[in-house]
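S.K.: Numbering (the numbering used here), first residue to last: 1173 to 1539.
Please see the structure below; I have some questions.
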Amino acid sequence: MQLRRKQLSILESLEEGIITGVYKNGTLLPSEGTLAKQYAVSRPTIAKVYNQLQHKGYIKKTRGYGSQVIHNNARLTYTIGLLLPGSGESEIFTTINDQILKLSRKSHLSCLWEGATVSNAEVRRAQIEHYCEHYISQKVDAILFSPLERLPDADEVNLRIFNKITSANIPLVLIDRGLKTQPEAGGYDIIWLDNFLAGGAMAQHLISKGCTTIHFFYRTNSANSVDLRLSGIRDKALRNHLKFTEENIYCGDPADLNFIKTIKIVPGKTGIICANDSTAAVLLSSLEKINVKITSDCLICGYDNMKYSQYLKYPLTSYLQPCEEMANISIELAIRRIKNNQHIPMIVNVNGKIIERESTSFNKGER
């Protein structure tokens, strides 16, 4: 593992040197033996690095002559259009957008932000097709798109946007959410949380805390990432020989007290996993209003690790997404597809981690 990381580090260093003109077009790179000694690695390791550089079109290896730079050192500028939620709609996109901005400032990227400033899902719905068509007319090199959610016609709009972009032959990468309706054009590149694994991890966490009844709560018209979390929760519950049926799944408004009263609570044995922190925060309040005691009657947790989660009356256990890494990979996928839009679709699942707080620990003294 350490050797692979070093190999990648050498590759990135040489790539940067070629792109920035340290190694100019037509010059020879140092011999494999020289670099092996410089980086304290084997010659075969450097040979692999040079093979990768040749595959990417940076150099040409000639037996008996050496490895010659064939890249013209002209720093290409790629224009990428963003169709992403603003920070007010989803806090994780505050981090994702900030990281994309940092990347654009220090690399050969020019990002169009018109489609990434709206902080309300309904307003975004009203404007997103306009921004999509604007990016297409501007002939951007690629588009990063996070599909709409929590709107009745979200699936229809998302598919329409997908079809417009792919029909224009513009490279497309989806972030955080996939399409619920499979497009006729086939697959697509996507970077998102391993939602199945995240669902199972949170279920196992509650089981380890003594919960024998696991419920899942989500709002209507949620993204398909929520479906995957549910699948992971169901799988983990059943593997632990716990009952998990439709009776354990609640879809609705967490502020609707009449609906919340239908949740079956087994005091001291119930854990509720919410699709995200915003849902969990409202549900916490609603449960208290109907005299369900958090950490005594039931435990509760969410996803996204929102900043406010630690400041709730019962600090909320949540699942942290690696947002900066998701941003980094989205750009890598976009550039990969810009260079060759015929690549097979790539699904990248990243792992997060549970941030444990008071909301998932039973207070035995209160039972």
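For glycine and all other residues, C-beta sits at the position ideal for the given N, C-alpha and C.
G1443 bridges to which residues according to DSSP?
M.R.: In the sequence shown, residue 1443 corresponds to position 271, counting from 1. G1443 pairs with I1386, L1471.
S.K.: So for R1539, helix, strand or coil by DSSP?
M.R.: Position 367 of the sequence shown holds residue 1539. The predicted position of R1539 is uncertain, since its pLDDT is 47 and thus under 50; a value taken from the coordinates is nonetheless stated next. If DSSP states are grouped into helix, strand and coil, R1539 belongs with coil.
S.K.: Here's the rule I'm using: 16 or more other beta-carbon atoms within 10 Å means buried, otherwise exposed. How should Q1493 be labelled?
M.R.: Numbered from 1 along the sequence shown, position 321 holds the residue referred to as residue 1493. Burial call: buried.
S.K.: Between the C-alpha atoms of D1449 and S1490, what's the straight-line distance to the nearest angstrom?
M.R.: Taking the sequence shown and counting its residues from 1, the one referred to as residue 1449 is at position 277. Taking the sequence shown and counting its residues from 1, the one referred to as residue 1490 is at position 318. Roughly 7 Å between the two C-alpha positions.
S.K.: Evaluate the contact criterion for the segment 1326-1342 versus the segment 1306-1317: three or more CB pairs, one atom per stretch, below 8 Å.
M.R.: With the cut-off at 8 Å, the segment 1326-1342 and the segment 1306-1317 touch.
S.K.: Taking the alpha helix (DSSP H) that F1317 belongs to, which residues open and close that run?
M.R.: Taking the sequence shown and counting its residues from 1, one reaches residue 1317 at position 145. Element bounds for F1317: not the alpha helix (DSSP H) but the beta strand (DSSP E), 1314-1317.
S.K.: What whole-angstrom Cβ distance do V1312 and I1264 have, given they're in contact under 8 Å?
M.R.: Indexing the sequence shown from 1 puts residue 1312 at position 140. Indexing the sequence shown from 1 puts residue 1264 at position 92. Rounded, the Cβ-Cβ distance is 24 Å, inconsistent with contact.
S.K.: Taking just the CA atoms, how far does Q1271 sit from K1415?
M.R.: On the sequence shown, residue 1415 is found 243 positions in, with the first residue counted as 1. On the sequence shown, residue 1271 is found 99 positions in, with the first residue counted as 1. Answer to the nearest angstrom: the Cα atoms are 42 Å apart.
S.K.: Give me the residue from A1447, I1466, T1249, H1243 with the minimum Cα distance to K1541.
M.R.: In the structure displayed, the chain extends from 1173 to 1539; residue 1541 sits before or after that span and is not available.
S.K.: If you run the structure through DSSP and keep just helix, strand and coil, what is T1234?
M.R.: Here the question's residue 1234 lines up with position 62 in the sequence shown. Here T1234 sits in strand by DSSP.
S.K.: Measuring straight from C-alpha to C-alpha, what distance separates Q1294 and L1323?
M.R.: Numbered from its first residue, the sequence shown carries residue 1294 at position 122. Numbered from its first residue, the sequence shown carries residue 1323 at position 151. Per the sequence shown, the amino acid found at residue 1294 is Glu instead of Gln. Going from the Cα of E1294 to the Cα of L1323 covers about 7 Å.
S.K.: Is D1428 buried or exposed, if buried means 16 or more other CB atoms sit within 10 Å of its CB?
M.R.: Within the sequence shown, numbered from 1, the residue matching residue 1428 stands at position 256. Exposed, by the Cβ-count rule.
S.K.: Does DSSP put V1464 in a helix, a strand or coil?
M.R.: Numbered from 1 along the sequence shown, position 292 holds the residue referred to as residue 1464. If DSSP states are grouped into helix, strand and coil, V1464 belongs with coil.
S.K.: Rounded to the nearest angstrom, how far is the Cβ of S1239 from that of L1201, given a contact under 8 Å?
M.R.: Translated into positions along the sequence shown, residue 1239 becomes position 67. Translated into positions along the sequence shown, residue 1201 becomes position 29. Rounded, the Cβ-Cβ distance is 4 Å, consistent with contact.
S.K.: With a CB to CB cut of under 6 Å and the five nearest residues on each side skipped, what residues in its chain are close to M1478?
M.R.: Here residue 1478 refers to the residue found at position 306 when the sequence shown is read from its first residue. Answer for M1478: E1263, D1449, listed in chain order.
S.K.: Where Q1482 and S1533 are concerned, what is the direct C-alpha to C-alpha distance, given to the nearest angstrom?
M.R.: On the sequence shown, residue 1482 is found 310 positions in, with the first residue counted as 1. On the sequence shown, residue 1533 is found 361 positions in, with the first residue counted as 1. Distance between the alpha carbons of Q1482 and S1533 is about 14 Å.
S.K.: According to DSSP, is Q1493 part of a helix, a strand, or is it coil?
M.R.: Your numbering for residue 1493 matches position 321 in the sequence shown. Three-state DSSP puts Q1493 in coil, outside helix and strand.
S.K.: Go through its chain and collect everything with a Cβ distance to L1256's Cβ below 6 Å, but skip five positions before and after it.
M.R.: Locating residue 1256 in the sequence shown gives position 84, where the first residue counts as 1. Excluding sequence neighbours, L1256 sits near F1265, A1288, S1318.
S.K.: Excluding the 5 residues flanking I1405 on each side, which residues of the same chain have their C-beta closer than 8 Å to its C-beta?
M.R.: Residue numbering aside, residue 1405 sits at position 233 when the sequence shown is read from its first letter. Closer than 8 Å at the Cβ level, and outside the excluded window around I1405, lie G1371, G1372, M1374, A1375, I1386, F1388, F1416, I1445.
S.K.: Which residues in the same chain as I1507 place their Cβ atom closer than 7 Å to its Cβ, once the five residues preceding and following it in sequence are excluded?
M.R.: For the purposes of this step, residue 1507 is identified with residue 335 of the sequence shown, where counting begins at 1. If we look at I1507 and ignore the five residues flanking it on each side, its Cβ neighbours are Y1250.
S.K.: Please return the same chain residues whose Cβ sits closer than 7 Å to the Cβ of L1484, not counting the five positions on each side in sequence.
M.R.: Counting from 1 along the sequence shown, the entry for residue 1484 is found at position 312. Cβ within range, chain order: A1453, L1456.
S.K.: Strictly under 8 Å for the Cβ-Cβ distance: is R1411 near chain D by that measure?
M.R.: Although the question refers to chain D, the structure presented lacks it and comprises just one protein chain.
S.K.: Quick one: complete beta strand (DSSP E) runs, 3+ long, within the segment 1178-1219?
M.R.: Counting whole runs of 3 or more residues, the segment 1178-1219 contains no beta strand (DSSP E) stretch at all.
S.K.: How far does the beta strand (DSSP E) with G1371 in it reach, from first residue to last?
M.R.: Mapped onto the sequence shown, residue 1371 falls at position 199. No beta strand (DSSP E) holds G1371; the alpha helix (DSSP H) holding it covers 1367-1380.
S.K.: Could you tell me the boundaries of the alpha helix (DSSP H) in which Y1307 lies?
M.R.: Taking the sequence shown and counting its residues from 1, the one referred to as residue 1307 is at position 135. Y1307 -> alpha helix (DSSP H) spans 1293-1309.
S.K.: Could you give the uninterrupted runs of the beta strand (DSSP E) lying entirely in the segment 1322-1369, keeping only those of 3 residues or more?
M.R.: Whole beta strand (DSSP E) segments, 3+ residues: 1344-1347, 1361-1365.
S.K.: Find out if the Cβ-Cβ distance for the pair A1326, V1398 is shorter than 8 Å.
M.R.: In the sequence shown, counting from the first residue as 1, residue 1326 sits at position 154. In the sequence shown, counting from the first residue as 1, residue 1398 sits at position 226. No. Outside cutoff.
S.K.: Between N1420 and S1468, how many whole angstroms is the CB-CB distance? I'm expecting something under 8 Å.
M.R.: One-based indexing of the sequence shown puts residue 1420 at position 248. One-based indexing of the sequence shown puts residue 1468 at position 296. The pair is not a contact, with the Cβ atoms about 20 Å apart (cut-off 8 Å).
S.K.: Measuring straight from C-alpha to C-alpha, what distance separates L1400 and D1366?
M.R.: For this step, residue 1400 is matched to residue 228 along the sequence shown. For this step, residue 1366 is matched to residue 194 along the sequence shown. So the alpha carbons of these two residues sit roughly 8 Å apart.
S.K.: Quick one: what's T1251 bridged to in DSSP?
M.R.: By one-based count along the sequence shown, residue 1251 stands at place 79. Partner(s): S1282.
S.K.: How would you write the range of the alpha helix (DSSP H) that K1408 sits in, first residue to last?
M.R.: Counting from one through the sequence shown, the residue named residue 1408 turns up at place 236. Element bounds for K1408: 1396-1411.
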